[in-house]
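Trainee: For the sequence shown, this note's numbering gives the first residue as 3, with consecutive numbering after it. Please find one structure pasted underneath; my questions will follow.
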Amino acid sequence: MTPLSDLASPQTTPFYAQDFTKPDGRALTLYGLFPIELASPVPSPSDEPVDARPEMRWHPLRGEWVMYAAHRMGRTFLPPPEYNPLAPTSDPAHPTELPRGRYDMAVFDNRFPSLSLLAPQPEPVPGTDPRPGTGKCEVVVFSQDASGTLGGLSAERVELLLRIWADRTDRLEATGKIKSVLAFENRGVEVGVTLHHPHGQLYAYDHIPPVQAQMLASAEAHFKDRGQPWLSDFVAAEREAAVRLILDAGEALSVVPPFARYTYETWVLPARAASRLSDLSSAEVTSFARVLKDALLRLDALFGVRMPYLLTLHQSPLGGEYPAFPLHIEIYPYLRSPGKLKYLAGTEQGAGEFANDNFPERAAADLRAVQL
């Protein structure tokens, strides 16, 4: 087993990965800060091969694709505590997704994918233009501990997750079929989470989705107009203003952006302009991880409850050079005050313009005041 740092400098902190094939044919990769050791066979909840037939249909008025994956209706929904499909298998008669053994995190092909590299050509549909839902969906399990949280992991394991995201991005790019990768975590029943075990997902698209396409267009326009990346100007402006900074750790920082759409929306950014995680030095990855951990802990401590949120990692498109694209993480917390959720209502859903109940400067002050 080769430490991945030997293969992917400038990331110099060793970590380990080992690939397996599940009984149903899906891929599994185990990652760790130490060499991987298995204590049981690699399992799968079912030996039946996944038969996913996702398709995309074009929305002519919004100018965007919509994914359809009817097979997802049968996915696991809030299972009882005695059966956790993301925990290591304890009873061979009731296999889960993961084996027992020494490893820190795991990545496997989603059993209920919204996209597939093997998606067939769909039947014609009047009024739209369907095509195969080509791509890949992976599940990223953050810990063997079902009660843990991403923010509660050690700084070293949060750093490991960043390196895993970078490794998965590189692997997906190598297929030659992927143009964009989105890593994300949904947390809390309030945002529709069906499994409480700490985990995230990776969606790999054969095209550049609308959000990333707009980010790229805006960032490239800024670069053309100003002669330097938007991220460089943004970091400099936030450091000078200081009022929206949450934590400045030198090589990475967290802010409530001046244009925040959610009350306690938090961004985690590298201080130096970069477009992908693999662009960062080892020291920058370490700093990025510590700032991310700090941001998540502050959100959980803000109201004394686990904050429901959506976390998204934004990296540049694949298959080319996009130096203007701003690498960053966006965290959308769904509590705007104790016990009060932020719902996407008329103006957000109908017009695409957000209404925020608080100014970012006040929200940042609240987060800075949290005692960790």
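Glycine included, every Cβ here is placed at the ideal spot set by N, Cα and C.
1. Can you have a look at phenylalanine 110 and say buried or exposed, based on whether 16 or more other CB atoms are within 10 angstroms of its CB?
2. Measuring only the C-alpha atoms, how far is valine 127 from aspartate 208?
3. Start and end of the alpha helix (DSSP H) containing proline 37?
4. Let me know the secondary structure DSSP gives leucine 120 once reduced to three states.
5. Would you kindly work out how many angstroms separate the C-alpha atoms of arginine 274 and glycine 322, rounded to a whole number?
6. State yes or no: is the C-beta of tryptophan 269 within less than 8 Å of the C-beta of isoleucine 180?
7. In chain order, which continuous runs of the beta strand (DSSP E) of length 3 or greater are located wholly inside the region 124-172?
8. So glutamate 332 is in the alpha helix (DSSP H); what residue range does that whole segment cover?
9. Taking the beta strand (DSSP E) that glutamine 20 belongs to, which residues open and close that run?
10. Quick check on threonine 265: buried or exposed, where buried means 16 or more other Cβ atoms within 10 Å of its Cβ?
11. Taking the alpha-carbon of threonine 366 as reference, which of Thr130, Pro260, Arg102, Gln317 has the nearest alpha-carbon?
12. Cβ of aspartate 49 within 8 Å of Cβ of aspartate 26?
13. Just to confirm, are glutamate 140 and asparagine 112 a CB contact at a threshold of 8 Å?
14. Name the DSSP beta bridge partners of arginine 59, please?
15. Quick one: is arginine 64 buried, meaning 16 or more other Cβ sit within 10 Å of its Cβ, or exposed?
16. Grouping DSSP H, G and I as helix and E and B as strand, with all else coil, what is glutamate 267?
17. Run through DSSP, which three-state label would valine 193 get?
18. If we require 3 or more residues per run, which beta strand (DSSP E) segments fall completely within the region 176-261?
19. If we count the other Cβ atoms within 10 Å of its Cβ and call it buried at 16 or more, is threonine 98 buried or exposed?
20. Pull the bridge partners of glycine 27 from the DSSP assignment, please.
21. Between the beta-carbon of leucine 247 and the beta-carbon of valine 237, is there less than 8 Å?
22. Identify every residue that forms a DSSP beta bridge with valine 109.
23. How long is the line joining the alpha carbons of leucine 255 and histidine 61, rounded to whole angstroms?
24. Output needed for glycine 76: all residues of its chain with C-beta closer than 8 Å, excluding positions within five of it in sequence on either side, in chain order.
25. Going by the beta-carbon positions, is the gap between leucine 374 and leucine 304 smaller than 8 Å?
26. For glutamate 363, which residues in the same chain have their Cβ closer than 7 Å to its Cβ, ignoring the five residues on either side in sequence?
27. Please work out which residues of its chain come closer than 8 Å, Cβ to Cβ, to proline 122, disregarding the five sequence neighbours upstream and downstream, and give them in chain order.
28. State whether the region 165-173 contacts the region 214-226, with contact taken as three or more CB pairs (one from each stretch) at a distance under 8 Å.
29. Would DSSP call proline 90 helix, strand or coil?
30. Where does glycine 348 sit, in a helix, a strand or coil, going by DSSP?
31. Arginine 278 by DSSP, collapsed to three states: which one?
32. Tell me which residue opens and which closes the alpha helix (DSSP H) that proline 288 is part of.
33. If you draw a straight line from the C-alpha of isoleucine 38 to the C-alpha of glycine 202, how long is it?
34. Return the first residue and the last residue of the beta strand (DSSP E) that leucine 315 is part of.
35. So, for proline 252: in the same chain, excluding its five sequence neighbours on each side, which residues have a beta-carbon less than 7 Å away from its beta-carbon?
36. Leaving out five residues before and five after alanine 357 in sequence, what residues of the same chain have Cβ atoms less than 6 Å from its Cβ?
Mentor: In this structure, then:
1. buried
2. 21 Å
3. Element bounds for proline 37: n/a, residue is neither H nor E.
4. coil
5. 20 Å
6. no
7. 137-143
8. Glutamate 332 -> not in any alpha helix (DSSP H); beta strand (DSSP E) instead, spanning 330-335.
9. 18-23
10. buried
11. The amino acid at residue 366 is misidentified as threonine; the sequence shows alanine. Ranking the options by Cα distance to alanine 366, first place goes to Pro260.
12. yes
13. yes
14. Val68
15. exposed
16. coil
17. helix
18. 182-189, 201-207, 247-250, 254-257
19. buried
20. DSSP output for glycine 27 lists no bridge partner at all.
21. no
22. Thr31, Val142
23. 38 Å
24. In this predicted model, glycine 76 has a pLDDT of only 49, less than 50, meaning its place in the structure is not dependable; the value taken from the coordinates is given anyway. So the qualifying residues of the chain are Phe114.
25. no
26. Val245, Arg246
27. Arg55, Pro134
28. no
29. strand
30. helix
31. coil
32. The amino acid occupying residue 288 in the given sequence is threonine; proline does not appear at that position. Note, threonine 288: alpha helix (DSSP H), 284-304.
33. 21 Å
34. 311-316
35. Checking the sequence, you will find glycine at residue 252 rather than proline. Same-chain partners within the cutoff: Ala273, Ser289.
36. Thr349
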